[in-house]
Amino acid sequence: MESSDSDDTHAPPSSTSSSTISTLFSSSGESSNSSGDSSGGSGDIAAVAAAELATNRRCVGRQDRVSWGSTTVIGRRSAMEDAVAIVPSFVLDTCCCVGGCTAPGSRSSGDVSGIHFFGVYDGHGGAEVADFCAQRMHEVVAEEWSREGHDSHEWQKRWQDTLCSGFRRADDQVITEAGASEMVGSTAIVAVVSGCQIILSNCGDSRAVLCKRTQTIPLTVDHKVSPILKH
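Numbered per the working numbering, the sequence shown spans residues 1100 to 1330.
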C-alpha cells in the first residue's frame, strides 16, 4: 500500500469510501501469497464431473505464511502526519464465512483462522486524525463485522457493508473524539488479508498496488475532489 505525499490541500475525511475484493493467486517465494491446485474427476455425465470437481477441490490458502513490513518517510514536513496500523488476527472467523473459498466442502473451510488488518493513513494539516484512525479503525471494522450476518453466499456484500459502515463510524468518532480542528484530516487505505483473499477499502487518494513478480496491479481507485461545473 502507498499513500501520496503531496502538498495539495485536502479536506477532512468524508464518509465516502469504496471497497474492492481481490483473490490472491498462486505464487512462489516466502511471502503471504499461497499456491495450490484443484483436481476433478471425469465421467460420462457433465453434472457428475462437476460434482466431483467441487468435492475434490483443495484449499489454496496458507494461514501460516503471512509476513509484512512497513516504512514511513516524513518528506519535507517538520512533523510526521502519517500513521500505519498492522493488527494480526484482528478478526477470527471460518474461511467459508470470510468468503471466496474455492473449496467449500474441504476440511479446512470450516476452520477458524486469523484475518489480518493493514491500514495506512495519510494525514493532512496535522497528525491527529491519522493517529486516531490507526488506533481505532481496526476496532470499529471488527465490531461492524461481528454485527453483520453470517450468510457465506453473501460474503462480498457483508464485507462492503462492514467496511463502509466502519469508515462512517470512524469518521463520526473523529469529529467527537479526536480533538482535531476542521482543517485536519486524513486519507485511509485498509487491507484485510485472509489465507486466500485481499479485501480493500479506501477513502481519499491513498492507494493499494499488488506486486506479483514483475507486474504491478492497481487494486483501488483514488477519490479526487471534482470541481463543480458551471453551465
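Think of the CB as a built atom: it goes at the ideal place given N, C-alpha and C, for glycine as much as any other residue.
The C-alpha of residue 1209 is placed about 44 Å away from the C-alpha of residue 1173. For residue 1274, the uninterrupted alpha helix (DSSP H) run begins and ends at 1254-1276, by DSSP. When the beta-carbon positions are compared, residue 1225 and residue 1283 come within less than 7 Å of each other. With respect to the C-alpha of residue 1176, the residue from 1295, 1228, 1275 and 1223 having the closest C-alpha is 1223. Note on residue 1310: under 16 other CB atoms within 10 angstroms of its CB, so exposed under the neighbour-count rule. In this structure residue 1255 is exposed. Its beta-carbon is surrounded by fewer than 16 other beta-carbon atoms within 10 angstroms.
Separation of residue 1235 and residue 1269 (C-alpha to C-alpha, rounded to the nearest whole angstrom) is 7 Å.
Taking 7 Å as the cut-off, the Cβ atoms of residue 1305 and residue 1221 count as close. Straight through space, the alpha carbons of residue 1288 and residue 1259 are spaced by roughly 14 Å. Comparing alpha-carbon positions, the option among 1191, 1242 and 1280 lying closest to residue 1215 turns out to be 1191.
At a Cβ-Cβ threshold of 7 Å, residue 1240 and residue 1265 count as neighbours.
Close CB contacts of residue 1197 within its chain, under the 7 Å cut and outside five residues either way in sequence, are with 1214, 1254, 1293 and 1296 (chain order). In this structure, DSSP gives residue 1310 an extended state, which the three-state scheme calls strand.
For residue 1230, the uninterrupted alpha helix (DSSP H) segment begins and ends at 1227-1246. Here DSSP, grouped into helix, strand and coil, assigns residue 1209 to helix.
Residue 1325 has its alpha-carbon roughly 33 Å from the corresponding atom of residue 1242.
DSSP, reduced to helix, strand and coil, places residue 1295 outside both helices and strands of the structure shown, so it counts as coil.
Distance from the Cα of residue 1166 is smallest, within the candidate group 1313, 1188 and 1319, for 1188.
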